[in-house]
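Trainee: Just dropping this structure here.
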Amino acid sequence: MPELSINGERHELAASVGTSLAHYLREDLGLTGTKIACNEGHCGACTVQVDGVPILSCITLVHTVEDREVTTIEGLRDHPMVNSFVRSDALQCGFCTPGQIVSATALVAAIPRPSSEEIKHAMSGNLCRCGAYPKIEEAISTWQD
Amino acid sequence: MARLIRTEKEVEGRYTEQWIVVDEDVLEQWPAGPLETVGRPVPRADGGQRARGEARYTADIKLPGMLHAAILRSPHAKARVRRIDTARARRAPGVRAVLGPETEPLTGEPAYQGAPVAAVAADTFAQARAAVSLIEVEWELLEPLLDPEEAIRRNELIEEPSREKRGNVERGLAEADAVVEAEYRTQTVLHNSMETHQAICEWEGDDRLTVYISTQFIWGVRGEVAQRFGLPEDHVRVVCRYMGGGFGSKNGAGDYTYIAAELSRATGRPVKCALTRREENLDSGNRNSTIQRLRVGARSDGTLTFLDGEFVNATGWDGWLASTGGPMRLLYACENVRTVEYGAKLNTPPMAAFRAPGFVEGTFGLECLLDELAAKLEIDPLELRRRNHSTHDAVDERPFSSKQLLECYRRADPHWERRDEVRARSDATWKRGVGLASQVWYGGGGPPSYAWVRIGGDGRAAVITGMQDIGTGSATAMAQIAAEELGLPVDRIEVALGDSARGPYATISAGSSTIPSMGPAVRAAAADAARQIIEIAAQRYDREERVLSLKNGQIVSSDGGSWPLEEITGLLESGQILGKGSRGPNPTGMRVLTFGVQVAEVAVDVETGEVVVEKIVAIHDVGRVINPLGASSQVEGGIIQGLGHTLSEERLLDPSTGGNLTQTLDAYKIPTIADVPEIVTDLVDVPDEHLTNLGSKGLGEPPIIPTAAAIANAIRDATGADVRSLPITREEMLRGLREARERRREPVGDPAA
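Note that the protein sequences, when read in sequence, are chains A and B.
When the first sequence is numbered by this note's numbering, its final residue is 127 and no position is left out of the sequence of numbers.
When the second sequence is numbered by this note's numbering, its final residue is 756 and no position is left out of the sequence of numbers.
What follows is the structure in structure tokens.
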């Protein structure tokens, strides 16, 4: 049985071929923190990290991440970025927020103090229809405070 | 004693009269300005749950035995089902039920692309979708009506045209020293809430139904579902704990809910019906496009002598006539005003309310027209607006309950005065300029709305009410209001909402009404509970009630004594103190409106037509502000949606077939973080002394209203070009620049001008 690691836990991969990673996380494992908003790779709501790199889980087949380390919002709940988002009011309806935080934590892992330009570049694939963007930038700028 | 009175209620600009029961005790408003909790920034109460992915949206709910629905939607804008064969779909793996056009709301005569024709319930969504593709339909194609002007000519209308007038436009025309006439157009825009429309329906026997739904109005859904299935309303339970955005498109039950309910009845299992993103962009509502033919006349001193507007709303197959003429009637003091509004019934998907429906569109036209007039009269645009400021509602001569628009203008002055400095930063290619636009909207809320406050032995309080928090932070505001009244820190308040079986009736989360409707009810409920605590404390500590008050979690006596609240509530052990409150009437004979002004700074590349919005200052009067942090988020969100409407968003239909070409989020361009300008929020924050025990109005809609016109007016300031059509694509921008160049080449001093 192939395996993959999710938030540091090994899982036997019993999903049928053709299952997306987002579907596997939500339906098979009950990890519903990862949201699906477009299901075709346009909005970023389903963002998770694979070996620390943000990817769109709705257009990633789960079998392509065998033996890799997948990090979802459930694995990032204690990251200071979460409180920074809440403190800055960087969310409204919150549906895109887990994806935003997954992208933001990957960004600050690479660049701990990103510039405004770097934030805009790294985060422009995560759509937020409520328009929490100014405060998302603030949350990422102040995450270490 | 309960008292029965008649009062006026407004939602999205539509007024109704209704009876309400009011309590005798009327609370005095709190003093203006920040209090202990109210008026101070508080991070949203459920922010952690949402941010950590713990919040369960309708999309995350999975009931035991739950089936998934998929819908066959009409690929044609107008067609008839000649023959439909569902046999192969019924035999497909996992399929539990198939419904055809004979079951409402499915239809064999779809009148727009995306109308639901048949539906399947299966063990998985993938199976349901696969089965849908096996349904064979023989279509008879019919000629769709897609052009709104043609629909008006044929008298294909969604409802009777709305004709309103005051004074005499012809007289105003005769009195005018200058007249400006222009046609403005706004596009169809799509809500694109991140959580698509969805519902789970579960029958309990054949006469009780539970609906989990992503909605802005659990009570509206309850009523509609009960009526449709002939059930007592209390036999329908509607639940929406968290929801992922609505913006007006989730005000009712919708076809998907009825389809889930029918499939659940057919299978005896709970059924989820969740729209895909493409279905969302086909058939979940839209802000309809408009054509606005406007005229304004003024004396040489800028005094408006008339306003005249003909508005064509491309309403679609269903919906209602959003008040595109509303701003023209409400914003300025002008004796002679005439508006005619048409709703074209077309073979296009039905419109739905979208954040200030009608007013966003109408303000674009009106406020661009005002600037074109200002240019013609050579009067400063802000000064022109000041000269036509209205002191009362000229529609029916009512006084405003409060109006701080002149204060908004005063605060706009320093930003407006930056024009020379901003223009000076222009170079050969990039031209810079500043523009502004005013805002008027409703937002006073109204009754009925109820809340309960429950205080336990541990001295913690719960606000219990059947309202929704659709992402606006309304739950946090309610916690602040209860905390203020109970003298408790805000983290000792829980807000339980979103379940029609576990709380009293509450307002729709639309029309900027949640805070002005629910806030006063929550305060009244908290005051009722506080009164009981003081009565008990007076007995326990042998003091007079009038010397006792609640502060910082303590019962405080004016003689210096103080006792923790838990000392009293703890006496009750598992007992509780229960307070109840309701929303009182709106002020009699007054017009409750919100006002504001936005100032935009833009840069335009005159070679390519690229428009970059660099800064927007938003100054709004919404009465008392409960939570300045959440309020600034609402303002920013409204402006950013407005920015999308202005520059990038447009639903494109194939003009021959009526097919939607922009169903996906790569084709339909909503703003990203990289598109956002600097946004400055300035809320006047003066309580409306006539409105409820809070003096608060709503804020959800006002910020999106003036953004497009402020940007278009800044573009004119920068380049001299009149952009009159949304979105302002490069094509439209270059057209405006070309027209402006040609105008400049015309001889000046034309005696007829």
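Think of the CB as a built atom: it goes at the ideal place given N, C-alpha and C, for glycine as much as any other residue.
Please decide whether R388 (chain B) counts as near chain A, where near means a Cβ-Cβ distance under 8 Å.
Mentor: With 8 Å as the cut-off, R388 (chain B) does not count as an interface residue toward chain A.
Trainee: Examine chain B for any beta-carbon lying closer than 8 Å to the beta-carbon of V32 (chain A), and answer yes or no.
Mentor: So, not an interface residue.
Trainee: Using three-state DSSP, classify S699 (chain B) as helix, strand or coil.
Mentor: Here S699 (chain B) sits in strand by DSSP.
Trainee: Quick check on this structure: which residue in B:F357, B:T572, B:E424 has the alpha carbon closest to the alpha carbon of A464 (chain B)?
Mentor: If we check each option's Cα against that of A464 (chain B), B:T572 comes out closest.
Trainee: Inspect the beta-carbon positions of Y259 (chain B) and A202 (chain B) and report whether they are closer than 8 Å.
Mentor: For Y259 (chain B) and A202 (chain B), yes; Cβs fall inside 8 Å.
Trainee: Any Cβ of chain B within less than 8 Å of the Cβ of E51 (chain A)?
Mentor: Chain B, which has no Cβ nearer than 8 Å to the Cβ of E51 (chain A), makes this no.
Trainee: Report yes or no: is there a C-beta of chain B within less than 8 Å of the C-beta of A86 (chain A)?
Mentor: A86 (chain A) does not count as touching chain B.
Trainee: Is A134 (chain B) near the ligand PLP, judged by its Cβ being under 7 Å from some heavy atom?
Mentor: Of ligands this structure carries none, so the ligand PLP is not represented either.
Trainee: Please name the residues in the region 59 to 73 of chain A whose beta-carbon is closer than 7 Å to at least one beta-carbon of chain B, in chain order.
Mentor: The region 59 to 73 of chain A vs chain B, Cβ under 7 Å: R59, V64, F67, V68, R69, D71, L73.
Trainee: Looking at C-alpha atoms only, which residue of B:M736, B:C276, B:A677, B:P104 is the closest neighbour of T611 (chain B)?
Mentor: Measuring from the Cα of T611 (chain B), the nearest candidate turns out to be B:M736.
Trainee: Hey, would you say Q757 (chain B) sits closer than 8 Å to V340 (chain B), going by beta carbons?
Mentor: Absent from the structure is residue 757 (chain B), since the part of chain B shown begins at 4 and ends at 756.
Trainee: Please report the straight-line C-alpha distance between L(-14) (chain A) and T46 (chain A), rounded to a whole angstrom.
Mentor: C-alpha separation (whole angstroms): 10 Å.
Trainee: Does any CB atom of chain A fall closer than 8 Å to the CB of P754 (chain B)?
Mentor: Residue confidence for P754 (chain B) is low, a pLDDT of 47 falling below 50, so the modelled location carries little weight; the figure read from the coordinates is stated next. So, not an interface residue.
Trainee: Would you list the residues sitting across from H623 (chain B) in a DSSP beta bridge?
Mentor: DSSP, once it has assigned bridges, lists B:G599, B:L686 as partnering H623 (chain B).
Trainee: Under 8 Å between C-beta atoms, does G(-10) (chain A) make it to chain B?
Mentor: No - not a single Cβ of chain B is within 8 Å of the one on G(-10) (chain A).
Trainee: Short of 7 Å Cβ to Cβ, which residues in the region 170 to 199 of chain B face chain A?
Mentor: Residues passing the 7 Å Cβ filter: N195, S196, M197, E198.
Trainee: Can you give the beta carbon distance from L656 (chain B) to L149 (chain B), rounded, assuming they're within the 8 Å contact cut?
Mentor: With 8 Å as the limit, L656 (chain B) and L149 (chain B) qualify as a contact, their Cβ atoms being about 7 Å apart.
Trainee: Using the beta-carbon count (16 or more within 10 Å), is K275 (chain B) buried or exposed?
Mentor: It is buried - the Cβ of K275 (chain B) has at least 16 other Cβ atoms within 10 Å.
Trainee: What's the gap between the Cα of T19 (chain B) and the Cα of P450 (chain B)?
Mentor: Computed Cα separation, rounded: 11 Å.
Trainee: Given N630 (chain B), which residues of its chain have a CB within under 7 Å of its CB, disregarding the five upstream and five downstream residues?
Mentor: If we look at N630 (chain B) and ignore the five residues flanking it on each side, its Cβ neighbours are P44, V45, G476, T479, A480, Q483.
Trainee: Name the residues in the region 238 to 255 of chain B whose C-beta lies less than 9 Å from a C-beta of chain A; which are they?
Mentor: Result list: Y245, M246, G247, G248, G249, F250.
Trainee: What is the DSSP secondary structure of S267 (chain B), reduced to helix, strand or coil?
Mentor: S267 (chain B): helix per DSSP, three-state reduction.
Trainee: What are the residues that DSSP puts in a beta bridge with H71 (chain B)?
Mentor: B:A125, B:K275.
Trainee: Name, going along the chain, the residues of the region 15 to 28 of chain A whose beta-carbon falls closer than 8 Å to a beta-carbon of chain B.
Mentor: Flagged, chain order: G15, T16, K17, I18, A19, C20, N21, E22, H24, C25, A27.
Trainee: Is there a Cβ from chain B that is less than 8 Å from the Cβ of S123 (chain A)?
Mentor: Judged by the 8 Å Cβ criterion, S123 (chain A) is not in contact with chain B.
Trainee: Please give the ranges of any alpha helix (DSSP H) in the region 393 to 423 of chain B, keeping only runs that are unbroken, at least 4 residues long and fully inside the region.
Mentor: Those alpha helix (DSSP H) runs which fall completely within the region 393 to 423 of chain B and span 4+ residues are 408 to 419.
Trainee: Does the beta carbon of E48 (chain A) sit closer than 8 Å to a beta carbon anywhere in chain B?
Mentor: Cβ-Cβ to chain B under 8 Å: no for E48 (chain A).
Trainee: Label T432 (chain B) either buried or exposed according to how many other C-beta atoms from any shown protein chain fall within 10 Å of its C-beta, with 16 as the threshold for buried.
Mentor: Exposed.
Trainee: 8 Å is my cut-off, CB to CB: does E100 (chain A) come that close to chain B?
Mentor: Output row for E100 (chain A): interface = no.
Trainee: Would you mind reading off the limits of the beta strand (DSSP E) that contains S565 (chain B)?
Mentor: S565 (chain B) -> beta strand (DSSP E) spans 565 to 567.
Trainee: Can a CB atom of chain A be found closer than 8 Å to the CB of Y215 (chain B)?
Mentor: So, not an interface residue.
Trainee: Who does Q442 (chain B) pair with in a DSSP beta bridge?
Mentor: Note: Q442 (chain B) sits in a beta bridge opposite B:G599.
Trainee: Does T42 (chain A) get closer than 8 Å to chain B when you measure Cβ to Cβ?
Mentor: With 8 Å as the cut-off, T42 (chain A) does not count as an interface residue toward chain B.
Trainee: Does DSSP put I731 (chain B) in a helix, in a strand, or in coil?
Mentor: I731 (chain B) falls in the coil class under three-state DSSP.
Trainee: Which runs of the alpha helix (DSSP H) spanning at least 4 residues fall entirely within the region 30 to 83 of chain A, listed in chain order?
Mentor: Runs found: 62 to 70.
Trainee: Please check if any C-beta of chain B sits within less than 8 Å of the C-beta of M105 (chain A).
Mentor: Taking Cβ atoms only, chain B reaches closer than 8 Å to M105 (chain A), which makes this a yes.
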